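Undergrad: Read in order, the letters of the sequence shown are residues 0 to 363 in numbering that gives the first Met the number 0. Glycine included, each C-beta is placed from N, C-alpha and C at the ideal position. Fair warning: this is a prediction, and the values are worked out from it, not measured in the lab.
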Amino acid sequence: MTKVATRDLSAGMVTAAPVYSKTGQLLFPARTIITSQRISYLEFYGIESVQIIPEREISDASVEDSAQDNDTESYAQKVKRSRKFHMFKVDYSKKTRFLENAFQNLMNKTEVLDSDALLGQISSLYSNHLTSLSVFDMLHNMRQIDDTTYAHCINVAIISRMMGKWLDFSDEDLEILTLAGLLHDIGKCRIDPDILTKPDTLTPAEFEQVKQHPRYGMEILADFNLDQRVRSAVLMHHERCDGSGYPSGLKGNEISDFAKIIAIADVYDAMTCNRCYRKGICPFEVIATFERKGFERYESQYLLPFLSRIIDTYIGNSVLLNDGSSGKIILINKQYLSRPVVSTAANKYLDLSRHPELYIQSII
Ligand SMILES: [Fe+2]
Ligand SMILES: [Fe+2]
Numbered sequence: 000m001t002k003v004a005t006r007d008l009s010a011g012m013v014t015a016a017p018v019y020s021k022t023g024q025l026l027f028p029a030r031t032i033i034t035s036q037r038i039s040y041l042e043f044y045g046i047e048s049v050q051i052i053p054e055r056e057i058s059d060a061s062v063e064d065s066a067q068d069n070d071t072e073s074y075a076q077k078v079k080r081s082r083k084f085h086m087f088k089v090d091y092s093k094k095t096r097f098l099e100n101a102f103q104n105l106m107n108k109t110e111v112l113d114s115d116a117l118l119g120q121i122s123s124l125y126s127n128h129l130t131s132l133s134v135f136d137m138l139h140n141m142r143q144i145d146d147t148t149y150a151h152c153i154n155v156a157i158i159s160r161m162m163g164k165w166l167d168f169s170d171e172d173l174e175i176l177t178l179a180g181l182l183h184d185i186g187k188c189r190i191d192p193d194i195l196t197k198p199d200t201l202t203p204a205e206f207e208q209v210k211q212h213p214r215y216g217m218e219i220l221a222d223f224n225l226d227q228r229v230r231s232a233v234l235m236h237h238e239r240c241d242g243s244g245y246p247s248g249l250k251g252n253e254i255s256d257f258a259k260i261i262a263i264a265d266v267y268d269a270m271t272c273n274r275c276y277r278k279g280i281c282p283f284e285v286i287a288t289f290e291r292k293g294f295e296r297y298e299s300q301y302l303l304p305f306l307s308r309i310i311d312t313y314i315g316n317s318v319l320l321n322d323g324s325s326g327k328i329i330l331i332n333k334q335y336l337s338r339p340v341v342s343t344a345a346n347k348y349l350d351l352s353r354h355p356e357l358y359i360q361s362i363i
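#1: Under the rule that 16 or more other beta-carbon atoms within 10 Å means buried, what is residue 312, buried or exposed?
#2: What is the C-beta distance between residue 328 and residue 318, in whole angstroms, given that I count them as a contact (C-beta under 8 Å)?
#3: Can you list, in chain order, the stretches of the alpha helix (DSSP H) that have 4 or more residues and sit fully within the region 304-354?
#4: Under 9 Å between the Cβ atoms of residue 350 and residue 332?
#5: Can you name the start and end residues of the alpha helix (DSSP H) that residue 229 belongs to?
#6: Please report the distance separating the alpha-carbon of residue 138 from that of residue 85.
#7: So, is residue 220 buried or exposed, given that buried needs 16 or more other C-beta atoms within 10 angstroms?
#8: Please report the straight-line C-alpha distance between residue 38 and residue 249, rounded to a whole angstrom.
#9: Going by DSSP, name the residue or residues bridged to residue 386.
#10: Once the 5 residues before and after residue 210 are set aside, which same chain residues still bring their CB inside 7 Å of it?
#11: Below 8 Å, how does it come out for the region 188-196 and the region 223-242: are there three or more Cβ pairs, yes or no?
#12: Between residue 147 and the rest of its own chain, which residues show a CB-CB distance below 8 Å, the 5 nearest in sequence each way excluded?
#13: Does at least one heavy atom of ligand 2 sit under 8 Å from the Cβ of residue 233?
#14: Expressed to the nearest angstrom, what Euclidean distance is found between the alpha-carbon atoms of residue 345 and residue 5?
#15: Which residue from 45, 43, 30 puts its Cα closest to that of residue 51?
#16: Closest by CA to residue 382, which one among 33, 264, 355, 40?
#17: Kindly indicate which residue of 187, 124, 338 has the alpha-carbon position closest to the one of residue 286.
#18: Skipping 5 residues on each side, what residues in its chain have a beta carbon closer than 7 Å to that of residue 243?
#19: Helix or strand or just coil, what does DSSP make of residue 358?
#20: Look up residue 84 in the DSSP assignment and say whether it is helix, strand or coil.
#21: At what residues does the beta strand (DSSP E) containing residue 25 begin and finish?
#22: Between residue 120 and the rest of its own chain, which residues show a CB-CB distance below 7 Å, the 5 nearest in sequence each way excluded?
#23: Any heavy atom of ligand 1 within a distance shorter than 8 Å of the CB on residue 246?
#24: Give the secondary structure of residue 33 by DSSP, where H, G and I count as helix, E and B as strand, and everything else as coil.
#25: Determine contact between the region 184-193 and the region 296-308, defined as no fewer than three beta-carbon pairs at a distance below 8 Å.
#26: Between the C-alpha atoms of residue 266 and residue 1, what's the straight-line distance to the nearest angstrom?
#27: DSSP three-state label for residue 111, please.
#28: Cβ atoms of residue 184 and residue 152: under 9 Å apart, would you say?
Now the structure itself:
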């Protein structure tokens, strides 16, 4: 066994002995595989070093055994270790490459737009026996792996489709809405990739360029046979009900319904994603932001059901609170969606709506 400083740990190493916090709480048992999330966890608890099994002594069996009865393994870690997630990841990577190709062909007009073929390709990601709950599990855990425009378009398509289902849309409308989500950012293909992946804040001139992508999207799709609702969603998905959006500063009823739905799915995915310029924001913080100021910008008849349904998908997840304690989400407070009831080691039922000093810092 070798002692390795926390700052020198890397994903894939395996703990040789249990790791305890300074107050004696077991953080990880022996033979836990180190992941980047676990390194952040150790840093959070101020753990300076960890005993590690030398690489030559690691055997699959010894690691696998402990992972199975690992009580501290979080829900997200269990999802990531599951066969279902592995299969989803393989399929998802295939589909993002497919979409990248399709966008290039549409842009260069080397292919006609075959909506059924496009939808057929990605349908395995939301069918294949996945419930809305498990799709969100999958998406949430994919976010740390792929954050390209194509992955984002697939996420928005899946999230919008879920929204349509929650709103009882017909099958035909669901297909149109999914297609709108899939194509909503096709205009970004015309924007300099250096601007799209720039780690710093954009200059006003660069932002002006980015703001053109809904119009570019309309231009790319102009010659293809498409439902009008898809076109309007591509053009209007950055318009906001209070007139603060772009490219035209439209308000309320001037914005199409599909564009309003895509707007919510788009912002939710963009904020929770690990974009190059910042780490993804915790979904609970995103929901708190929507609760605070979302209702002026987004259509409340779509935003309300979205927030209350999406929050349900996080029941059972392990979370880290801002005071360093961790717990599991057990009950959602419908009046205060971003402040659920959490069970922690110290409190069986910690109602965050009664503890304004506490908030969920991350999902672990
Ligand atoms: Fe966009
Ligand atoms: Fe987008």
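TA: Concretely, from the data shown:
#1: On the sequence shown, residue 312 is found 313 positions in, with the first residue counted as 1. Buried, since its Cβ has 16 or more Cβ neighbours within 10 Å.
#2: Position 329 of the sequence shown, counting from 1, holds the residue named residue 328. Position 319 of the sequence shown, counting from 1, holds the residue named residue 318. About 6 Å separates the two Cβ atoms, so the contact holds.
#3: none
#4: Position 351 of the sequence shown, counting from 1, holds the residue named residue 350. Position 333 of the sequence shown, counting from 1, holds the residue named residue 332. Cβ distance < 9 Å, so residue 350 and residue 332 count as in contact.
#5: As a first step, residue 229 is located in the sequence shown; it is residue number 230 there, counting from the start. Here the alpha helix (DSSP H) through residue 229 covers 227-235.
#6: As a position in the sequence shown, residue 138 is number 139, starting the count at 1. As a position in the sequence shown, residue 85 is number 86, starting the count at 1. Near 12 Å, if we compare the C-alpha coordinates of residue 85 and residue 138.
#7: Here the question's residue 220 lines up with position 221 in the sequence shown. Classification of residue 220: buried, given that the 10 Å Cβ count is 16 or more.
#8: By 1-based counting over the sequence shown, the position of residue 38 is 39. By 1-based counting over the sequence shown, the position of residue 249 is 250. Their backbone Cα atoms lie some 46 Å apart in a straight line.
#9: Because the chain spans 0 through 363 in this model, residue 386 falls outside it and cannot be assessed.
#10: The residue given as residue 210 occupies position 211 in the sequence shown. Correct list, in chain order: 245, 246.
#11: no
#12: Reading the sequence shown from its first residue, position 148 is the one you call residue 147. Closer than 8 Å at Cβ, skipping near neighbours: 95, 99.
#13: Position 234 of the sequence shown, counted from the start, is the residue given in the question as residue 233. No.
#14: For this step, residue 345 is matched to residue 346 along the sequence shown. For this step, residue 5 is matched to residue 6 along the sequence shown. Taking the straight line from one Cα to the other gives about 27 Å.
#15: Reading the sequence shown from its first residue, position 52 is the one you call residue 51. Closest by alpha carbon: 30.
#16: For the chain, the structure presents residues 0 to 363; residue 382 sits outside this window and is missing.
#17: Your numbering for residue 286 matches position 287 in the sequence shown. Cα-wise, what sits closest to residue 286 is 338.
#18: Numbered from 1 along the sequence shown, position 244 holds the residue referred to as residue 243. Closer than 7 Å at Cβ, skipping near neighbours: 296.
#19: Translated into the one-based positions of the sequence shown, residue 358 becomes position 359. Of the three classes helix, strand and coil, the one that applies to residue 358 here is coil, per DSSP.
#20: Taking the first residue of the sequence shown as position 1, residue 84 is located at position 85. Looking at residue 84 - three-state DSSP - the assignment turns out to be helix.
#21: Start at 1 with the first residue of the sequence shown, and residue 25 comes out as number 26. Residues 25-27.
#22: Here the question's residue 120 lines up with position 121 in the sequence shown. The answer, listed in chain order, is 94, 97.
#23: Within the sequence shown, the letter at position 247 stands for residue 246. Checking every heavy atom of ligand 1 against the Cβ of residue 246, none is found closer than 8 Å.
#24: For the purposes of this step, residue 33 is taken as the residue at position 34 of the sequence shown. Coil.
#25: no
#26: Position 267 of the sequence shown, counted from the first residue, corresponds to residue 266. Position 2 of the sequence shown, counted from the first residue, corresponds to residue 1. Taking the straight line from one Cα to the other gives about 45 Å.
#27: For the purposes of this step, residue 111 is identified with residue 112 of the sequence shown, where counting begins at 1. Coil at residue 111, not helix or strand.
#28: The count along the sequence shown starts at 1 and reaches residue 152 at position 153. The count along the sequence shown starts at 1 and reaches residue 184 at position 185. In contact: residue 152 and residue 184 (Cβ atoms closer than 9 Å).
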